[in-house]
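Following: one structure in structure tokens, then a few remarks.
2 protein chains.
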Amino acid sequence: MGSTTGIKHSPPQAGRATHTGTQGTDRAAETRRRILDTAAAVFADHGYLGTSLNQLIAATGLAKGGFYFHFPSKQALALACLQDKQEQWIGKVMSAALRHDRAIDQLVSIPHTLCDVYEQDPSYACVGKLSLELMEREPQLVPQVRPALLAWVRLTSELVRRGQQEGDVRAELDPDAVAEVAVASVIGIEKMAACLSGGADFRRRVEAFVPLFRDSIAIRKGGGDGTSDT
Amino acid sequence: MGSTTGIKHSPPQAGRATHTGTQGTDRAAETRRRILDTAAAVFADHGYLGTSLNQLIAATGLAKGGFYFHFPSKQALALACLQDKQEQWIGKVMSAALRHDRAIDQLVSIPHTLCDVYEQDPSYACVGKLSLELMEREPQLVPQVRPALLAWVRLTSELVRRGQQEGDVRAELDPDAVAEVAVASVIGIEKMAACLSGGADFRRRVEAFVPLFRDSIAIRKGGGDGTSDT
Chain A
1 MGSTTGIKHS
11 PPQAGRATHT
21 GTQGTDRAAE
31 TRRRILDTAA
41 AVFADHGYLG
51 TSLNQLIAAT
61 GLAKGGFYFH
71 FPSKQALALA
81 CLQDKQEQWI
91 GKVMSAALRH
101 DRAIDQLVSI
111 PHTLCDVYEQ
121 DPSYACVGKL
131 SLELMEREPQ
141 LVPQVRPALL
151 AWVRLTSELV
161 RRGQQEGDVR
171 AELDPDAVAE
181 VAVASVIGIE
191 KMAACLSGGA
201 DFRRRVEAFV
211 PLFRDSIAIR
221 KGGGDGTSDT
Chain B
1001 MGSTTGIKHS
1011 PPQAGRATHT
1021 GTQGTDRAAE
1031 TRRRILDTAA
1041 AVFADHGYLG
1051 TSLNQLIAAT
1061 GLAKGGFYFH
1071 FPSKQALALA
1081 CLQDKQEQWI
1091 GKVMSAALRH
1101 DRAIDQLVSI
1111 PHTLCDVYEQ
1121 DPSYACVGKL
1131 SLELMEREPQ
1141 LVPQVRPALL
1151 AWVRLTSELV
1161 RRGQQEGDVR
1171 AELDPDAVAE
1181 VAVASVIGIE
1191 KMAACLSGGA
1201 DFRRRVEAFV
1211 PLFRDSIAIR
1221 KGGGDGTSDT
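As given, the protein sequences belong to chains A and B, one line each in that order. Here the numbering used here is used: the first residue of the first sequence is 1, the next is one more, and so on. Here the numbering used here is used: the first residue of the second sequence is 1001, the next is one more, and so on.
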């Protein structure tokens, strides 16, 4: 595996640092990007188990040698692909969230942004599929994949905590527990949408979830019958 | 496929009606049951894609001919297994729910019963795994598998509706939307537990979810800051 870098949980684009001079480096980086983008789309469609290494190589249009120079195995490519797409995903989610002032609004913006992201680029579905499948099927990879899932939980619990400080979220809730439930709900909604509509009704399901979730954590300023804050 | 019955969405135990007289029928029924129970455990551990037909045959200890007499393919066995376990599952969930008087209590008992069921017999995990995987990987089976998922949604929405009639659940909620979100949440919780702890922390996650869910749908009799009914 020696020179095929960038496949571990090392700095993101370590693969660019090859020993072939600037031009070769640029081309290698370009090829690596092309492989990652192509693989994301294939994994998004077929999942990890449902995709073969030959299928991935064929989709990139590279000769086997060219492919193996970058990624020695399906597993290595899946890990790199997951990390790459998840970084982009967090970037998009956070920039959309930061358009809101209050943490509770940032929090409930996340599932909506997810809908936008999947609609603009369906290959993002590889993040959910790869992280769940890799952890279930390849237990030895859990330490490498878990951070991708926990980053999402942590992001959420941080926003719940800030929502409490800002007086919008019920103080008696445990932010970590809320975050785990919220992330699980969105994962389940994604699964159900994938199963029942090939993902087409994901947004409709998210839109049913968000107000219920908000009601379950928000301090109700109106009080009384639970018809939520005015 | 002719005489190997019981593999379609036909009456549950049609496979018992073979043409070999009562004794042969009993033995066939016994073998069929053994195959279903064995397969449920294997599918629960490895999922649909992660299990090979040879692995299933080996696990039953039958000769190939004896196995094929009952189930012509992995797909046929998976469908029968899903239907069989789901019937048992609904029976357990409903009998536990019916120990409570009010619909809202019946409703929130379901995830707790799920924990009991999985702890008593881990092979029940095949219900979730098979229904999700079959629908995602074998789109032509969606019409056969979807009812298993929708039965759970329907059961839930019926309880939400009755909870509204009994004055416990907020009248303005759409019971079908609540049910879809609730089922999705539990599916996601099961997935996260499977990924992060091999299922070991499923109960802890369910116990975080249930009060939040209850709060999101219940009429709060105390009113005010959302610390729920006394």
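Glycine is no exception: its CB is placed at the ideal position from the N, C-alpha and C atoms.
In this structure, DSSP gives Ala-1063/B a state outside helix and strand, which the three-state scheme calls coil.
If you look at Glu-1166/B, you'll find it isn't in any alpha helix (DSSP H); DSSP assigns it neither H nor E. With contacts defined as CB atoms closer than 9 Å, Ile-1104/B and Val-1169/B qualify as a contacting pair. With a threshold of 16 other beta carbon atoms within 10 Å, Asp-84/A meets it and is buried. About 4 Å separates the CB atoms of Ile-189/A and Ala-1184/B; that is less than 8 Å, so the two are in contact.
By the beta-carbon neighbour count (other beta carbons within 10 angstroms, threshold 16), Gly-128/A is buried. The beta-carbon distance between Lys-92/A and Val-117/A, rounded to whole angstroms, is 5 Å. This is short enough to meet the 8 Å contact definition.
The three-state reading of DSSP puts Ala-1078/B in helix, counting H, G and I together.
Distance check between Ser-131/A and each of Ala-200/A, Leu-82/A and Thr-25/A places Leu-82/A closest, using alpha-carbon atoms only. Look at Glu-30/A: its C-beta is not under 9 Å from any C-beta on chain B. Here Ala-1029/B carries a helix assignment [DSSP, helix/strand/coil]. A distance below 9 Å separates the beta carbons of Leu-1212/B and Ile-217/A. Nearest CB-CB separation between Phe-213/A and chain B: below the 9 Å threshold. Arg-1220/B counts as buried, since at least 16 other C-beta atoms from the protein chains shown sit within 10 angstroms of its C-beta.
Neighbours of Ala-194/A in chain B, taken as residues whose beta carbon is under 7 Å from its own, are Glu-1136 in chain order.
Close partners of Ile-1189/B in chain A (Cβ separation under 9 Å): Glu-180, Val-181, Ala-184, Ser-185, Ile-187 and Gly-188. At a Cβ-Cβ threshold of 9 Å, Ala-80/A and Phe-71/A count as neighbours. Close partners of Ala-1097/B in chain A (Cβ separation under 9 Å) are lacking, with about 21 Å as the shortest Cβ gap. DSSP places Ala-200/A in the coil class of the three-state scheme, outside both helix and strand. If you draw a straight line from the Cα of Gln-1144/B to the Cα of Gln-1075/B, it comes to about 11 Å. Here the alpha carbon of Ala-1078/B sits roughly 16 Å from the alpha carbon of Thr-1031/B. For Arg-137/A, same chain residues with a beta-carbon under 8 Å away, outside a window of 5 residues either side, are Tyr-48 and Leu-49 in chain order. Note on Thr-38/A: 16 or more other CB atoms within 10 angstroms of its CB, so buried under the neighbour-count rule. Within the stretch 80-136 of chain A, the complete alpha helix (DSSP H) segments at least 4 residues long are 103-120, listed from N- to C-terminus.
Within a 10 Å sphere around the beta-carbon of Thr-1051/B sit 16 or more other beta-carbons, which makes this residue buried. Look at Gly-163/A: its C-beta is not under 9 Å from any C-beta on chain B. Residues of the stretch 43-57 of chain A with a C-beta less than 8 Å from any C-beta of chain B: Gly-47, Leu-49 and Gly-50, listed in chain order.
A residue is called buried when at least 16 other Cβ atoms come within 10 angstroms of its Cβ; Ala-63/A does not meet this threshold and is exposed. In summary, no residue of the stretch 62-75 of chain A has a CB separated from any CB of chain B by less than 8 Å. Among the residues of the stretch 1197-1213 of chain B, those with a Cβ less than 8 Å away from any Cβ of chain A are Gly-1198, Arg-1205, Ala-1208, Phe-1209, Leu-1212 and Phe-1213, in the order of the chain.
For Arg-146/A, the closest Cβ of chain B is nearer than 9 Å.
Taking each of Leu-56/A, Val-181/A and Arg-146/A in turn and checking the Cα distance to Glu-1207/B, the smallest one comes out for Val-181/A.
The alpha-carbon separation between Pro-139/A and Gly-1198/B amounts to approximately 9 Å.
If you compare the alpha carbons of Cys-1126/B, Ala-1097/B and Asn-1054/B with that of Gln-1086/B, the shortest gap goes to Cys-1126/B. One Cα belongs to Glu-158/A, the other to Val-186/A, and the distance between them is close to 17 Å. Note on Arg-1027/B: under 16 other CB atoms within 10 angstroms of its CB, so exposed under the neighbour-count rule.
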